[in-house]
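*Asks:* A single structure is presented below for examination.
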Amino acid sequence: MTAEYQVHGAVAVITLNNPPVNGMGLVTRTAAVKGIQQALADDEVKAIVITGAGKAFSGGADIKEFNTPAALAEPSLHTFIATAESSTKPVVAAIHTVCMGGGLELSLGCHYRVALPGAQIALPEVKLGLLPGAGGTQRLPRVLGLEPALNMIVSGNPVASEKLPALFDEIFAADADIVQSAVAFAEKIADVRPLPKVRDRKVDYPNHEAFLQFSRNTVKAMAGPFPAPLECVETVAASVTMKFDDGMKFERERFLHLIQTTESKALRHAFFSERTASKVPDVPADTPVRSIKSAAIIGAGTMGGGIAMNFLNAGIPVKLLETRQEALDKGIATIRKNYENSLKKGKLTQEKLDQRMGLLSSTLSYDDIGQADIVVEAVFEEMGVKEAVFRKLDEVMKPGAILATNTSTLDVDKIAAFTKRPQDVIGTHFFSPANVMKLLEIVRGKETAKDVLATALALSKKLKKTGVVSGVCDGFIGNRMIEQYSRQAGFLLEEGALPEQVDKAAEKFGFAMGPFRMGDLAGNDIGWAIRKRRYVEKPEISYSKTADLLCEMGRYGQKTGAGWYDYKAGDRKAYPNEQVNAMIVQHSADLGITRRKISDQEIVERLVYALVNEGALILEEGIALRASDIDMVYLTGYGFPLYRGGPMFYADTVGLPNVLAAINKYAKGHQGSAWQPAPLLSQLAAEGKVFNR
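Numbering (this note's numbering), first residue to last: 13 to 705.
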C-alpha cells in the first residue's frame with residue numbers, strides 16, 4: 013500500500029508511503045482518502061494524523077503524472093485536500109524532513125500543522141514553469157501573510173520549518189518522534205470545535221495594492237522570458253482581492269494555462285532529462301561502483317586546477333602533478349585565489365577554505381600518485397602528449413584505479429590502447445571553468461568496464477555535476493555539434509553579417525553568449541588548432557577562413573585582450589574592432605562574394621538547425637543514448653536557453669517538417685554542402701514524429 017492506516021488509541025495515523033518522496037500519485041491519493049473515510053466511520057477515532065514514511069512528509073504531486081489522465085483522475089489532489097479540510101474530525105499534518113509542493117498544499121488543507129525543526133518547506137512549482145495548483149497561492153498567504161508567502165511562491169526556494177512559526181501550531185524538539193508527538197498533540201485538540209480552517213482566514217495587508225504593484229514590477233524585470241513568476245504574483249493577489257472559492261478557480265485557470273506553455277514544457281523536460289541522463293540501459297542501477305576516496309590530477313593549468321576544485325569541494329583529497337615546480341606553484345595559487353574570491357563574496361567560510369586547501373597536495377613525480385583511486389589527465393589536447401601520460405599512468409597506478417582523460421575531442425579508445433587496462437579508461441570531459449560549469453560529458457570507450465561507467469556517473473553526482481554519457485567520436489556530443497554551429501557562424505560572416513550582429517541575434521534568441529564572444533572566451537587558438545588537424549584528417553570539410561585570418565593577426569580572444577572584439581583590462585565587455593570587420597569584408601571580396609543583408613531569423617535558424625541536424629546524426633549513430641541527453645549537454649554546458657528546452661526539444665516545438673524545410677532551403681545557398689539533412693530527421697519529419705518521444 014502507498015498509504016498505510018493504523019490506529020493509536022483514539023487517533024488514526026495515515027502514513028503516505030510512496031518512495032522516494034511520497035509523491036501523491038493516483039494510487040497514493042486513493043489510499044489516503046480511503047484512510048480518512050475509514051477514520052470518520054470509526055466512532056472510536058477522535059482525530060486523524062497524516063504523515064509521511066521515510067525521508068519526507070511529501071514532495072508533492074507526482075510529476076510523472078503531468079499531462080496524463082492519472083493527474084486529473086479522482087480522487088484528484090484537490091479532492092484529497094478537500095476531504096481532509098471537510099473532515100468532521102480534526103486532521104493534523106505531521107511534517108518532517110521534506111514538505112513541498114502538493115505536500116505543503118495538503119498540510120494547508122489540514123486543520124493543524126505540527127513539525128520537526130529542519131524540515132524543508134517549499135512551493136517549488138515556479139521552477140517547473142508552473143504555479144502551485146492545489147490551493148497554495150490562496151492558503152499560504154492566509155497563514156504566513158502576503159509578503160512572506162509571495163516570496164516563497166515566486167522564488168520556489170525551501171525555508172526551514174523553524175523559520176516559519178506562523179505556519180505551525182507546534183514545532184517539536186529535534187529528537188522527538190514525529191508520530192508519537194503528533195498523536196499526543198491530536199489527543200489534546202481532539203474535542204476543540206469549531207475546527208480551524210485556513211480558508212476562513214483573511215489576508216490582512218495594509219495598502220496591498222501598492223505592494224502588489226511593486227512586486228509585479230520587480231518580478232517582471234527578473235523573470236525574463238518565463239511567464240510563471242508573474243502569474244504567481246497575480247494568483248497570490250487573488251488571495252487578497254477575491255473570495256476564497258473565486259481565488260481557487262482563478263488559480264486553477266492560471267495553472268492550466270501555464271502547463272500548456274512551451275516554457276513550462278521546456279522546464280519539465282529539463283527536470284526529467286537530468287534524472288534520465290544517469291540511466292544507461294545496459295548498466296543496471298545496482299551495478300557495483302568502485303570506491304573513490306582519493307584523486308590525482310595531471311596538469312595544474314586552468315582545466316586541471318578547476319577539476320581539482322571539484323574533488324576538493326566534495327571532500328576528496330587531491331594530489332596535483334606537474335612537470336615543473338613553477339607550474340605547480342602557479343596552479344595552487346590560482347586555486348587558492350578562486351577560493352579567496354568566494355570567501356570575499358560570502359560564498360565560503362574561512363574554515364571551509366582551510367579545509368579544502370588542506371585536502372590538496374602536489375608532486376613532480378608520478379611515483380607519488382600510484383595509490384589514487386582515480387586519476388584525471390588534463391594536459392595539452394594533443395595525442396602524443398596524452399600517449400606519454402597514459403603509458404606512464406599504466407606503469408604507476410594501482411590495479412583497479414580509474415584512468416580518466418579530460419580530452420574534449422580526441423579518441424578515447426586510442427588513448428585507452430596506450431595502456432594494458434583499457435577497461436579502466438574513461439573520458440571525463442569537464443567544461444571550463446570546471447569548478448563552475450555543471451556539465452560532465454562521460455565518454456564510454458568500447459572497452460570501458462560497466463562498473464567504471466557506473467562509478468563515473470555516481471562521481472558526477474558527488475561532484476554536483478550533470479553527467480551525460482557519450483560514445484566515442486570526434487568531439488563527442490557537445491563539441492561535435494558546436495563545430496557545425498561555428499561553421500555556420502563563419503559562413504554568415506562571408507555572406508554579409510558581422511560578429512556583433514550574429515552574437516546579438518543568438519543572444520536575443522536566449523544563448524548566454526553568441527558564437528564569436530564564446531570563441532573569444534574559450535580562446536580562438538584552440539579552434540585554430542582543431543581546424544589545422546581537420547584540414548589534414550578531413551580535407552572534404554569546408555570552413556570559413558575568417559577565423560584563421562583572425563588568429564594570424566594574433567587575436568586569440570580575451571586572454572590577449574583582442575579577438576573578434578577588443579577587451580579592456582578588468583572589463584569583460586566586447587568592443588567591436590574596425591580592423592576585424594574590414595578583414596571580414598575584404599575576405600568576402602577575395603572570395604568573389606557580394607555581401608548581402610542577413611536577417612536575425614536566418615542567423616538563428618542556421619546556427620540552431622546546424623546543432624539539430626548534427627544532433628540527429630549523433631542519435632542515429634548511437635553516440636548519444638537519447639535526444640534528451642543532447643538537450644542536457646546544451647542546457648548545462650553551452651548556454652542554450654533553458655526556456656527553449658535544448659536544441660532537440662526546440663526542434664520538436666518548431667515542428668520537424670519546418671526544420672527540414674529550412675535546412676533544404678539553406679542547402680541551396682553559399683556552402684550548401686554543409687547542409688545534408690540527417691536521415692533520422694527526414695524520417696521523423698515524414699512520420700510526423702519528434703526526437704523526444
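The beta carbon of each residue, even a glycine, is placed where N, CA and C say it ideally should be.
Of the choices G71, K571, N491 and K356, whose alpha-carbon is the least far from that of G535?
*Replies:* The shortest C-alpha separation from G535 is found at K571.
*Asks:* Below 8 angstroms between beta carbons: does that hold for I454 and V481?
*Replies:* Yes. Within cutoff.
*Asks:* What number of angstroms, rounded off, separates the C-alpha of D203 from the C-alpha of S70?
*Replies:* Approximately 27 angstroms between the Cα atoms of the pair.
*Asks:* Taking the beta carbon of M234 as the centre, do at least 16 other beta carbons fall within 10 Å, making it buried, or is it exposed?
*Replies:* Exposed.
*Asks:* From the DSSP output, which residues share a beta bridge with M112?
*Replies:* Answer is A134.
*Asks:* Compute the Euclidean distance between the alpha carbons of G11 and R280, then round it to the nearest angstrom.
*Replies:* Past the edges of the chain, shown from 13 to 705, lies residue 11, and the structure says nothing about it.
*Asks:* From the DSSP output, read off the bridge partner residues of A22.
*Replies:* Per DSSP, none; premise fails for A22.
*Asks:* Counting C-beta neighbours from all protein chains within 10 Å, is the total for P527 16 or more, i.e. buried, or is it exposed?
*Replies:* Label assigned to P527: buried.
*Asks:* Which residue comes first and which comes last in the alpha helix (DSSP H) that contains A240?
*Replies:* Element bounds for A240: A240 to T253.
*Asks:* For my contact list, V391 and G311 are in at a C-beta cut-off of 8 angstroms; report their separation, rounded to the angstrom.
*Replies:* Rounded, the Cβ-Cβ distance is 5 angstroms, consistent with contact.
*Asks:* For N229 and E246, what's the separation of their Cα atoms in angstroms?
*Replies:* Computed Cα separation, rounded: 12 angstroms.
*Asks:* Could you give the distance in angstroms between the alpha-carbon of K701 and the alpha-carbon of S285?
*Replies:* Computed Cα separation, rounded: 19 angstroms.
*Asks:* Report yes if the CB atom of F430 is closer than 8 angstroms to the CB atom of M315, and no otherwise.
*Replies:* For F430 and M315, no; Cβs fall outside 8 angstroms.
*Asks:* Assuming contact is defined by CB atoms lying nearer than 8 angstroms, are V191 and V25 in contact in what I supplied?
*Replies:* Yes; because the gap between Cβ atoms is below 8 angstroms, this pair is in contact.
*Asks:* Have a look at A594 and P511 and give me their C-alpha separation to the nearest angstrom.
*Replies:* Roughly 12 angstroms separates the two Cα atoms.
*Asks:* State buried or exposed for V401, treating a residue as buried only when at least 16 other CB atoms are found within 10 Å of its CB.
*Replies:* The residue in question, V401, is buried, as its Cβ has 16 or more Cβ neighbours within 10 Å.
*Asks:* Can you say whether H90 is buried or exposed, counting buried as having 16 or more other CB atoms within 10 angstroms of its CB?
*Replies:* Its Cβ being crowded by 16 or more others within 10 Å, H90 is buried.
*Asks:* Looking at C-alpha atoms only, which residue of G483, C485, G236 and T440 is the closest neighbour of T760?
*Replies:* No answer is possible for residue 760: the residues shown for the chain start at 13 and end at 705.
*Asks:* Alpha carbon to alpha carbon, how far is N676 from A690? Give it in angstroms, no decimals.
*Replies:* Near 11 angstroms, if we compare the C-alpha coordinates of N676 and A690.
*Asks:* Could you check the C-alpha separation between E8 and G604 for me, to the nearest Å?
*Replies:* For residue 8 there is no data in the structure shown, the boundaries of the chain being 13 and 705.
*Asks:* Can you pull the DSSP bridge partners for A636?
*Replies:* Looking at the DSSP assignment, A636 forms a beta bridge with S482.
*Asks:* In whole angstroms, give me the CA-to-CA distance for A172 and A186.
*Replies:* Straight-line Cα distance between these residues: approximately 13 angstroms.
*Asks:* Quick test of your reading: V292 and L637, contact by CB under 8 angstroms. State the CB separation rounded to the nearest angstrom.
*Replies:* Contact flag correct, Cβ pair sits at about 7 angstroms.
*Asks:* Between L533 and the rest of its own chain, which residues show a CB-CB distance below 8 angstroms, the 5 nearest in sequence each way excluded?
*Replies:* Closer than 8 angstroms at the Cβ level, and outside the excluded window around L533, lie M525, G569 and Q570.
*Asks:* Taking only runs that begin and end inside the stretch 442–508, name each unbroken beta strand (DSSP E) of 3 or more residues, in chain order.
*Replies:* As far as the stretch 442–508 is concerned, its whole beta strand (DSSP E) runs of at least 3 residues are 451–455 and 478–482.
*Asks:* From R205, Y351 and V437, pick the residue whose C-alpha is nearest to that of P411; which is it?
*Replies:* If we check each option's Cα against that of P411, V437 comes out closest.
*Asks:* Whole alpha helix (DSSP H) runs in the stretch 63–95 with 4 or more residues, listed along the chain?
*Replies:* Listed in chain order, the complete alpha helix (DSSP H) runs (minimum 4 residues) inside the stretch 63–95 are 81–84.
*Asks:* Tell me whether Y655 is buried or exposed, calling it buried when 16 or more other Cβ atoms sit within 10 Å of its Cβ.
*Replies:* Its Cβ being crowded by 16 or more others within 10 Å, Y655 is buried.
*Asks:* If you reduce the DSSP assignment to three classes, tell me which class V314 lands in.
*Replies:* Position check: residue 314 holds Thr in this sequence, whereas Val was assumed. DSSP places T314 in helix when its eight states are reduced to three.
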